[in-house]
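Visitor: Residue numbers (our numbering): 7 to 356. Take a look at the following structure, please.
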């Protein structure tokens, strides 16, 4: 629908004016906003207040070598990802180069490195984060670097409360840096107008995408194709090389309008559940309530710290295909599998 520069402030104003007739839907979207948050809070409260069965996941303290083995594995995947980029002839820092087969493994390692930093409190995992962050930013991918970085800062806020101001200042500086990356990856000049364009273009078009979808009507019930696609997305690309084609075929819809790529949560909920979406939000709230209740253990503390930034930001502007994979596969399943495999073999060795 739009084929010119999204970063021009005048263009953003025209885009809003062209959709002003849909503004009537904001009143009902505000109701949805309260229903979403109420449902999430209800599920969270149930998990925190009520007795739930505890999962006993023992740590790796008995196997110090396991930390080094996981570190080596993540370094290997990072180097392999970098080699794959170079061998494909991709030149970093030449704009946004979206290729899920390249970004996916690097984003997973970037996330996992911070997960194991929180889990082990071993700073060498920060090195892996820096390596993968270099490649991801070089390819123009900001979100999968910013959110793990935000996780680090949240952990620092909890640990170093006396340094709250300096940590908050670091968060602000990081935001400015990632806006700068967004400007550079488009190839446009760095000035106040492009900064404003990057800062406001995505929120504006995400909002318009919500209006566009709601204008087509609210369904009573929908089949959660995005949930199915997200489950398929759990499968590593080296195992199922054509998974992206299948995921795309499952999730394509003429009702969804995302010119900047971001998809509002209200669209994801109605598109997958219809008016029954509060039940899903209760389950998501329950999940985070349970994680919070169990965060006295190292494992669930790492899950909580790494997934919290994603549910605060990514969950609200990304479709379920990616966000649910990060929350469940990257956040809990993948680390658990790594730990379980290592513990199994190291226990046998003992």
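Backbone N, C-alpha and C fix where the C-beta goes; we use that ideal spot for every residue, glycine too.
1. Shortest alpha-carbon distance to residue 220 belongs to which of 247, 179 and 262?
2. Tell me whether the beta-carbon of residue 235 lies closer than 8 Å to the beta-carbon of residue 327.
3. Note down, in chain order, each residue of its chain lying with its Cβ closer than 7 Å to the Cβ of residue 143, except the 5 sequence neighbours on either side.
4. Is the stretch 318-338 touching the stretch 107-118, taking contact as three or more C-beta pairs under 8 Å?
5. Under 6 Å Cβ to Cβ from residue 287, same chain only, skipping five residues before and after it: list those, please.
6. So, under 8 Å CB-CB, residue 121 and residue 312 are touching, yes? Tell me the CB distance rounded to an integer number of Å.
7. Could you pull the start and end residues of the alpha helix (DSSP H) that residue 219 belongs to?
8. Pairs of beta-carbons, one from the stretch 71-78 and one from the stretch 125-137, closer than 8 Å: are there three or more?
9. Which residue wins for smallest C-alpha separation from residue 350, given the options 238, 72, 33 and 218?
10. Is the Cβ of residue 315 closer than 8 Å to any Cβ of chain C?
11. Indicate the three-state DSSP secondary structure (helix, strand or coil) for residue 240 in the structure shown.
12. Along the chain, where does the alpha helix (DSSP H) containing residue 307 start, and where does it finish?
13. I'd like the span of the alpha helix (DSSP H) that includes residue 157, first residue to last.
14. Return helix, strand or coil for residue 246, following the three-state DSSP convention.
15. Put residue 353 into one of helix, strand or coil per three-state DSSP.
16. Checking 8 Å against the spacing of the C-beta atoms, do residue 281 and residue 224 come in under that value?
17. Kindly indicate which three-state DSSP category residue 294 falls into: helix, strand or coil?
18. Spatial neighbours of residue 341 within its chain, please: C-beta separation below 6 Å, excluding the five flanking residues on both sides.
19. Using the three-state DSSP reduction, which class does residue 75 fall into: helix, strand or coil?
20. Taking the straight line between their C-alpha atoms, what separation do you get for residue 162 and residue 278?
21. Starting from the Cα of residue 276, find the closest Cα among 222, 48, 306 and 237 and give me that residue.
22. Do the CB positions of residue 317 and residue 294 come within less than 8 Å of each other?
23. Would you identify the three-state DSSP class for residue 324, choosing helix, strand or coil?
Guide: Inspection of the coordinates gives the following:
1. The candidate whose alpha carbon is nearest that of residue 220 is 262.
2. Their beta carbons are under 8 Å apart, which means residue 235 touches residue 327 by this criterion.
3. If we look at residue 143 and ignore the five residues flanking it on each side, its Cβ neighbours are 151 and 187.
4. By the criterion of at least three beta-carbon pairs nearer than 8 Å, the stretch 318-338 is in contact with the stretch 107-118.
5. Once the five neighbours on either side are set aside, the close Cβ partners of residue 287 are 42, 45 and 46.
6. That pair is a contact at about 5 Å.
7. For residue 219, the uninterrupted alpha helix (DSSP H) segment begins and ends at 198-221.
8. Short answer: they touch.
9. Residue 350 has its Cα closest to that of 72, out of 238, 72, 33 and 218.
10. The structure shown contains no chain C; it is built from a single protein chain.
11. Coil at residue 240, not helix or strand.
12. From DSSP, the alpha helix (DSSP H) with residue 307 extends over 304-315.
13. Where residue 157 is concerned, the enclosing alpha helix (DSSP H) stretches over 149-165.
14. It is coil, neither helix nor strand.
15. Helix, per DSSP.
16. The Cβ atoms of residue 281 and residue 224 sit closer than 8 Å to each other.
17. In the structure shown, residue 294 adopts helical secondary structure according to DSSP, grouped into three states.
18. Cβ neighbours of residue 341 beyond the five flanking positions: 121.
19. Residue state, collapsed to three classes: helix.
20. If you draw a straight line from the Cα of residue 162 to the Cα of residue 278, it is about 36 Å long.
21. The candidate whose alpha carbon is nearest that of residue 276 is 222.
22. Less than 8 Å separates the beta-carbon of residue 317 from that of residue 294.
23. The answer is coil: DSSP assigns residue 324 none of H, G, I, E or B.
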